[in-house]
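In what follows, a single structure is set out as structure tokens and then discussed.
There are 2 protein chains.
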Amino acid sequence: MPIDRRPLREQIREELLGRLDRGDFAAGTDINEVALAAELGVSRTPLREALITMAGEGVLESTQGRGFRFAPVSRKEFRELCEIVAGLEALALDRSDPAYLREIAPELLRMARDFPDRIAEQHVIERHDDEWHDLLVSGCRNERLIDLITSVKAGLRRYAHLLASDDTPLEREAAEHCRVAELLMTGDRAEAVQALRDNWVNGMERMMSRIPAS
Amino acid sequence: MPIDRRPLREQIREELLGRLDRGDFAAGTDINEVALAAELGVSRTPLREALITMAGEGVLESTQGRGFRFAPVSRKEFRELCEIVAGLEALALDRSDPAYLREIAPELLRMARDFPDRIAEQHVIERHDDEWHDLLVSGCRNERLIDLITSVKAGLRRYAHLLASDDTPLEREAAEHCRVAELLMTGDRAEAVQALRDNWVNGMERMMSRIPAS
DNA sequence: ACTATGAATTCTGAATACAAAAGACAGGAG
DNA sequence: CTCCTGTCTTTTGTATTCAGAATTCATAGT
Chain A
1 MPIDRRPLRE
11 QIREELLGRL
21 DRGDFAAGTD
31 INEVALAAEL
41 GVSRTPLREA
51 LITMAGEGVL
61 ESTQGRGFRF
71 APVSRKEFRE
81 LCEIVAGLEA
91 LALDRSDPAY
101 LREIAPELLR
111 MARDFPDRIA
121 EQHVIERHDD
131 EWHDLLVSGC
141 RNERLIDLIT
151 SVKAGLRRYA
161 HLLASDDTPL
171 EREAAEHCRV
181 AELLMTGDRA
191 EAVQALRDNW
201 VNGMERMMSR
211 IPAS
Chain B
1 MPIDRRPLRE
11 QIREELLGRL
21 DRGDFAAGTD
31 INEVALAAEL
41 GVSRTPLREA
51 LITMAGEGVL
61 ESTQGRGFRF
71 APVSRKEFRE
81 LCEIVAGLEA
91 LALDRSDPAY
101 LREIAPELLR
111 MARDFPDRIA
121 EQHVIERHDD
131 EWHDLLVSGC
141 RNERLIDLIT
151 SVKAGLRRYA
161 HLLASDDTPL
171 EREAAEHCRV
181 AELLMTGDRA
191 EAVQALRDNW
201 VNGMERMMSR
211 IPAS
């Protein structure tokens, strides 16, 4: 197997995003570069490179002289990000090969149906949801678009741990995914795109209340 | 007046993007960090920070051990970027306040009509075009979306100098802008969104032939 | 008691120094 | 002659150091 030869900044970024998923960092808190670098066992240089990348993605904020902080969460931003990702995924779906979409539709349907069956922890559910959306847009030839979606979704990760809850309305989410898959199977892409948008809007509304007011 | 207190990496990024507009850098060429840092009169550290930011925007590519290079241009990528920006601007328009859109519509119309009148150099035309689009989406409340559009458009800058030509079909472009403005004036946003998309698609097709095959 | 001022501390922003990988090139074996 | 290999050079990736800004805390003055 090929060994990991990626630059440190990427590994650091992944590690930080992972911690973000786990809610290790409170949103809005400042980052102490020396402390974090020591904790990760790297020097400040690649750490700062990772931080700059993440600031570009909107995960972090930076102000002159005060360094980086985890961008505070807000309903407004959550809504904005959801709108953007919904629009981008809809665009990706619109730009996909219809034949390929019909081909993967059964798998999408199967995944959606498996959704509520398994009693699982939050992060398993999230991973499953991510995989579903990844497969959905996997037929899009626009590589830049795929990259962009990934990047914007990184910003949404800050909200992941907030959404952890035992009364997650999984059935609703699964049903909406099923509907998208079914529409793709019949080849009605325009309707499927609309259903996908609805899924994002509805999902957003469901989660909105769990985000602190401001 | 407040003096410039932005971090060096931002100033460097702007300088590099400006040079890109002027076509100072050939696409696909490697960047020598020490040479470029010396030329700019800064150290490698903030330069690399700027390069990493630009790599995140897709303006540059980086490979392990080989550093950064200006991403090569291609019709495929140009098409991809245009599709994305078209989708994002359409989304921005869709998320704007209709009243505000009606309010700025006359100004948009005036700008579009002034378009072909002035005999101007290429970069003046480009600036004018940018201003028109900026005004168009200025009513969008989704700040993240606006930032994202700006970021993706940075990637399009690599194509700006390629598109310089004396037989630019300005009238066509202006006419399409007029149509968008007129539709906004009547309050028919859905149609305006469609016209905007058409504008991007048509503009893309017009430019496509000027990009080297691969 | 409260505010303002200034020193001390802490941390970021930038520069320099070091290490390691990639590329170039020459020499030798087949 | 060709291909491989080992060394040398160049350039990047990372660490460390230096300088300056922001914050904190204490103290003096009102």
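So the sequences go chain by chain: A and B. Mapping to full-length UniProt numbering: the first sequence position 211 is 211, numbers consecutive. Mapping to full-length UniProt numbering: the second sequence position 205 is 205, numbers consecutive. Positions of the beta carbon are idealized from the N, C-alpha and C atoms, including for glycine. Predicted model only: the values in this text are computed from it and were never measured.
The stretch 173–190 of chain A makes contact with the stretch 100–109 of chain A: 3 or more CB pairs, one atom from each, lie closer than 8 Å. In its chain, beyond the 5 residues on either side, 33, 34 and 37 have a beta carbon closer than 7 Å to the beta carbon of residue 44/A. The CB of residue 7/B comes closer than 7 Å to the CB of 64 in chain A, given here in chain order.
Residues of chain A with a Cβ closer than 9 Å to the Cβ of residue 144/B are, in chain order, 58, 77, 80, 81, 83, 84, 152 and 155. In the DSSP annotation of this structure, residue 43/A is not part of any alpha helix (DSSP H), being labelled neither H nor E.
For residue 127/B, the closest alpha carbon among the candidates 145/B, 157/B, 144/B and 8/B is that of 157/B. Taking the CA atoms as reference points, residue 24/A sits about 25 Å from residue 205/A. Contacts with chain B at 9 Å (Cβ-Cβ) do not include residue 203/A.
Rounded to whole angstroms, residue 13/A and residue 50/A show a C-alpha spacing of 5 Å. Separation of the CB atoms of residue 55/B and residue 68/B is rounded to 6 Å, and the pair is thereby assigned contact status at 8 Å.
Distance between residue 131/A and residue 170/A, taken at the CA atoms: about 15 Å. Apart from sequence neighbours up to five positions away, the residues of its chain that approach residue 191/A with a beta-carbon distance below 8 Å are 183, ordered along the chain. Contact between the stretch 83–100 of chain B and the stretch 129–143 of chain B is present, with at least three C-beta pairs closer than 8 Å. The beta carbon of residue 58/A sits closer than 7 Å to the beta carbons of 71 and 155 from its chain, once the five residues preceding and following it are set aside; these are given in chain order. In terms of beta-carbon proximity, residue 52/B lines the interface with chain A, with at least one pair separated by less than 9 Å.
Assignment of beta-bridge partners to residue 61/B by DSSP yields 69/B. Under the three-state reduction of DSSP, residue 138/B is assigned to coil, being neither helix nor strand. 203/A is the residue among 212/A, 203/A and 211/A whose C-alpha sits nearest the C-alpha of residue 83/A.
Under DSSP, residue 96/B takes part in a beta bridge, and its partners are 140/B. Residue 66/B is not a Cβ neighbour of residue 21/B, given a cutoff of 9 Å.
In the DSSP assignment, residue 21/A falls within the unbroken alpha helix (DSSP H) covering 8–21. For residue 196/A, the enclosing alpha helix (DSSP H) covers residues 189–208.
For residue 174/B, the enclosing alpha helix (DSSP H) has its first and last residue at 170–185. For residue 176/B, no Cβ of chain A is located within less than 9 Å of the residue's own Cβ. With distances taken between CA atoms, residue 52/B lies nearest to 16/B out of 121/B, 16/B and 150/B. Nearest CB-CB separation between residue 15/B and chain A: not below the 9 Å threshold. Interface criterion met: the Cβ of residue 88/A is under 9 Å from a Cβ in chain B. Considering only 174/A, 189/A and 64/A, the residue with the shortest C-alpha distance to residue 6/B is 64/A. Inter-residue distance for residue 113/A and residue 87/A is about 25 Å (C-alpha atoms, whole angstroms). One thing to note: residue 162/B has its Cβ within 9 Å of the Cβ of residue 207/B. When the five nearest sequence neighbours on each side are left out, the beta carbons in the same chain lying within less than 8 Å of the beta carbon of residue 196/A are those of 86, 89, 90, 93, 136 and 180, in order along the chain.
With a cutoff of 9 Å on beta-carbon distance, residue 177/A and residue 78/A are scored as not near each other. The Cβ-Cβ distance between residue 152/A and residue 81/A falls below 9 Å. Taking C-beta atoms as the reference points, residue 9/A and residue 47/A count as a pair closer than 9 Å.
Interface flag for residue 158/B against chain A is unset, since no Cβ pair is found closer than 9 Å.
When the five nearest sequence neighbours on each side are left out, the beta carbons in the same chain lying within less than 7 Å of the beta carbon of residue 97/A are those of 139, in order along the chain.
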